[in-house]
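**Q** Could you have a look at this structure, given as structure tokens, before my questions?
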Amino acid sequence: MGKKILIVDDDADFREVMGVLLESKGYIILEASDGESGYKKAKAEKPDLIILDVMMAHKSEGFDIARKIHSDKEISRIPVIISTGVTKEMNLPFTFSPDETWLPVKVVLNKPIKPDVLLKEVAKYI
1 MGKKILIVDD
11 DADFREVMGV
21 LLESKGYIIL
31 EASDGESGYK
41 KAKAEKPDLI
51 ILDVMMAHKS
61 EGFDIARKIH
71 SDKEISRIPV
81 IISTGVTKEM
91 NLPFTFSPDE
101 TWLPVKVVLN
111 KPIKPDVLLK
121 EVAKYI
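This is how it looks when you write it as structure tokens:
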């Protein structure tokens with residue numbers, strides 16, 4: 001059976017495109033359209049990896065859910081990849097980096113994400 005990847009993003013098109021790409025490589029795709037339902041699905045399904053958007057219902061929702069996952073002993077070992085367009089959308093002069101306390105994720109990928117970059121990062125952590 002293939003490894004399960006949970007994609008949490010409020011953009012249905014992004015979820016579909018990433019899902020098709022990852023399914024073509026044999027991964028089983030789970031989806032959630034917001035942080036809280038993503039958190040609940042992570043607890044119920046125990047995916048092998050989570051791809052998590054930052055800006056959903058509010059601008060820091062992905063960051064908040066990443067910390068919530070990290071602090072939950074039941075699912076804290078699931079690797080999280082942040083996907084974000086926040087740097088571009090808010091015209092920020094900096095990018096975000098993983099940090100054990102503030103941003104407990106494996107890597108931050110800026111949208112648009114190139115397929116080869118996504119596949120390489122997924123393969124590293126799954």
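If you're matching positions, the sequence shown starts at 1 in UniProt numbering and goes up one per residue. A virtual CB, placed ideally from N, CA and C, is assigned to each residue, including glycine. Note that the structure is a prediction, hence the values are computed from the model and not measured.
#1: Out of curiosity, what's the CA-to-CA distance linking ALA42 and ILE69?
#2: Classify GLY38: buried if its beta carbon has 16 or more other beta carbons within 10 angstroms, exposed otherwise.
#3: Taking only the alpha-carbon atoms, compute the straight-line gap between LYS4 and PRO104 and give it to the nearest angstrom.
#4: If I follow the unbroken beta strand (DSSP E) through VAL8, where does it start and stop?
#5: Between the C-alpha atoms of residue 135 and VAL108, what's the straight-line distance to the nearest angstrom?
#6: Please indicate yes or no: does the CB of GLU31 lie closer than 6 Å to some heavy atom of the ligand ATP?
#7: Would you please state the rounded distance, in angstroms, between the beta carbons of ILE78 and VAL8? I believe it to be under 8 Å.
#8: Please state if the CB of ASP13 and the CB of MET56 are separated by a distance shorter than 7 Å.
**A** The answer reads as follows:
#1: 8 Å
#2: buried
#3: 20 Å
#4: 4 to 8
#5: Residue 135 lies beyond the stretch modelled for the chain, which goes from 1 to 126, so this question has no answer here.
#6: The ligand ATP is absent from the structure shown, which contains no ligands of any kind.
#7: The Cβ separation is near 12 Å, so there is no contact.
#8: no
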